[in-house]
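This report concerns only the one structure given below.
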Amino acid sequence: MSSFIELVDVTKLYGEKGTAVRAVDGISFRAQRGEWIAIMGPSGSGKTTLLNLIGCLDQPSGGALLIDGTDTAKLRRGELARFRSETIGFIFQQFHLVPHLTALENVMLAQYFHSMTDETEALAALRQVGMEARAKHLPSQLSGGEQQRVAIARALVNDPKIILADEPTGNLDAENQRIVFQILSDLHAQGRTIVMVTHDEAAGKLAERRLNLEHGRIKENLLFSAEENQDFDEVLEHLWARREVAQGTKPHTEIHIESHDFTAVQWKRLIATMADIGLVSVENGEERFTAKGESRARDVIRRHRLAERLFMDVLSIRDEHEIESSACKFEHILSPEVTDRMCTLLGHPLACPHGSPIPKGACCAEKRVLGAEEMASVLSSVRRI
Ligand code: ADP
Ligand code: MG
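Just so we're aligned: the sequence shown equals residues 34 to 418 in the working numbering.
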């Protein structure tokens, strides 16, 4: 899978060796063309530094940054400036308009660095953000929201594929925030890739994906909903089953687990997100578990297959579809304690009803027998679900 933006173990240090601040500390992630990503996290977590690295405004201290297949470290200074102005448009919290130039001139200034200035194009960019009528105004004659719209027109004038926005609504009132987010939505709908820094949760939800930073690292994203986490679990199960088939440890009667309900696009997005949070990695186009992903997959598979055994052996359910759909529900909600008790209750079974191996848990080594009370509590918690 070739990505539009790819960061590989990128770091940025500030200051002297030994006492340096690791503003960005080994970040890897990929964005596909046309994605809208929000970078979130507390003040000082490295959001601006990361965005400036992606925007080639700053050079990483380590790691690699590829944009549209171009390794940015390999570009010479002049090439880099050209690449940046052709590919990337910036929107800053502080607008950064030149005070003694009009709105139109501010937009044309961005063209100047690019190639020839073209007033018609600059006016068209102002029109896109509803500011054409104010073209001759100086920044001081415009409200904050209007200044930001001029700044967005400036970012758009060279028709960049990537828009980078650092707290674009940080200095705006609610109404102007709404206008700016509407413009960003339009830009996204046009197929542009957007990476936006924000610490506003509502704003973050507008994006398709969120990266949460903490101390310069991507934190496992607590903003993922239960549904998103279930999707991750399903992908992990699918990868687990695929590996079993490849290794020949899975009987062919259960091949139906091989198929999944995601579209190709959904699958790609899920894999990209799961790679960001360190559950999978993609090597030579093939998805693999990381240690963390493998351990989470093992847990999900264990819960699923133990639940199947429970329905068959204890609750005497024979309907395949009922077993499968109940097991799918259970695999997301059983706590580790209930899972181990269920395993003990079932006598630590080695395989699911279809013959696929059940990964062992801590309880399997203990070979403990459940008391009547514990047995009752497992069954009652199962019934509650
Ligand atoms: P955020 O945008 O999430 O608030 P920043 O990327 O601005 O965070 O900063 C991350 C860390 O790097 C902070 O500890 C900050 O003090 C430090 N930092 C940022 N820029 C510089 C710089 N130019 N020189 C030294 N330290 C910096
Ligand atoms: Mg910042």
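Backbone N, C-alpha and C fix where the C-beta goes; we use that ideal spot for every residue, glycine too.
Using only alpha-carbon positions, find the residue among the options that is nearest to residue i.
i, options, result
"Ile60", "Ser94, Asp266, Ile334", "Ser94"
"Leu378", "Glu364, Gln215, Leu348", "Leu348"
"Val140", "Phe37, Gly281, Glu165, His271", "Glu165"
"Thr44", "Leu83, Pro75, Ile212", "Leu83"
"Leu303", "Phe344, Asp332, Phe257", "Phe257"
"Leu156", "Thr135, Ser176, Glu327", "Thr135"
"Phe265", "Glu208, Thr282, Glu327, Gly224", "Glu327"
"Leu269", "Pro369, Cys89, Glu364", "Glu364"
"Gly380", "Ser368, Gly311, Lys393, His387", "Lys393"
"Gln127", "Ala240, Asp151, Lys325, Gly178", "Gly178"
"Asp104", "Gln65, Thr81, Val41, His129", "Val41"
"Ile227", "Ile350, Pro132, Thr120, Ala53", "Thr120"
"Leu217", "Phe37, Leu239, Leu159", "Leu239"
"Ala168", "Glu152, Leu137, Gln280", "Leu137"
"Val313", "Glu267, His293, Ile100", "Glu267"
"Met345", "Pro386, Ala114, Ser358, Ser118", "Pro386"
"Gly281", "Val213, Ser358, Met229, Gly388", "Gly388"
"Ala395", "Gly404, Arg335, Glu357", "Arg335"
"Leu235", "Ile72, Ala222, Tyr47", "For the record, residue 235 in the displayed sequence is Ala; it is not Leu. Of the listed residues, the one whose Cα sits closest to Ala235 is Ile72."
"Ala259", "Met408, Lys362, Glu370", "Lys362"
"Ile251", "Asp309, Leu46, Thr153", "Asp309"
"Leu130", "His170, Phe322, Leu98", "His170"
One question on the structure: do residue i and residue j come within less than 7 Å of each other, judged by their Cβ atoms?
i, j, result
"Gly249", "Arg55", "yes"
"Ala384", "Pro390", "yes"
"Ile185", "Val162", "yes"
"Ile70", "Arg242", "yes"
"Pro172", "Gln181", "no"
"Glu320", "Leu272", "yes"
"Arg419", "Pro382", "Absent from the model: residue 419. The displayed extent of the chain is 34 to 418, so no value can be given."
"Gln144", "Val183", "no"
"Cys376", "Leu412", "no"
"Gly237", "Thr231", "yes"
"Gly88", "Leu220", "no"
"Gly74", "Glu247", "yes"
"Gly96", "Ala188", "no"
"Phe37", "Asp91", "no"
"Gly311", "Lys301", "no"
Taking its Cβ as the centre, do 16 or more other Cβ atoms sit within 10 Å of residue i, making it buried, or is it exposed?
i, result
"Ile366", "exposed"
"Gly51", "exposed"
"Glu200", "buried"
"Ser78", "buried"
"Glu39", "buried"
"Glu406", "exposed"
"Gln210", "buried"
"Glu68", "buried"
"Asp373", "buried"
"Pro193", "buried"
"Asn317", "exposed"
"Ile288", "Summary for Ile288: the model assigns pLDDT 46, below 50, so the residue's position carries little reliability, and this model does not support an answer."
"Thr306", "buried"
"Thr202", "buried"
"Asn262", "exposed"
"Lys107", "exposed"
"Asp456", "Not covered by the structure: residue 456. The range shown for the chain is 34 to 418."
"His337", "buried"
"Lys283", "buried"
"Lys80", "buried"
"Val402", "exposed"
"Asp352", "exposed"
"Ala360", "buried"
"Asp294", "exposed"
"Ala274", "buried"
"Ala297", "exposed"
"Asp58", "buried"
What are the partner residues of residue i, as DSSP defines its beta bridges?
i, result
"Pro390", "Ala384"
"Phe62", "Leu40"
"Trp69", "Ile227"
"Ala198", "Ile124, Met229"
"Glu247", "Arg250"
"Arg55", "Leu46"
"Arg242", "Ile70"
3-residue-minimum beta strand (DSSP E) runs that sit fully inside the region 84-166, ordered along the chain = 95-100, 121-124
3-residue-minimum beta strand (DSSP E) runs that sit fully inside the region 296-334, ordered along the chain | 313-316, 319-322
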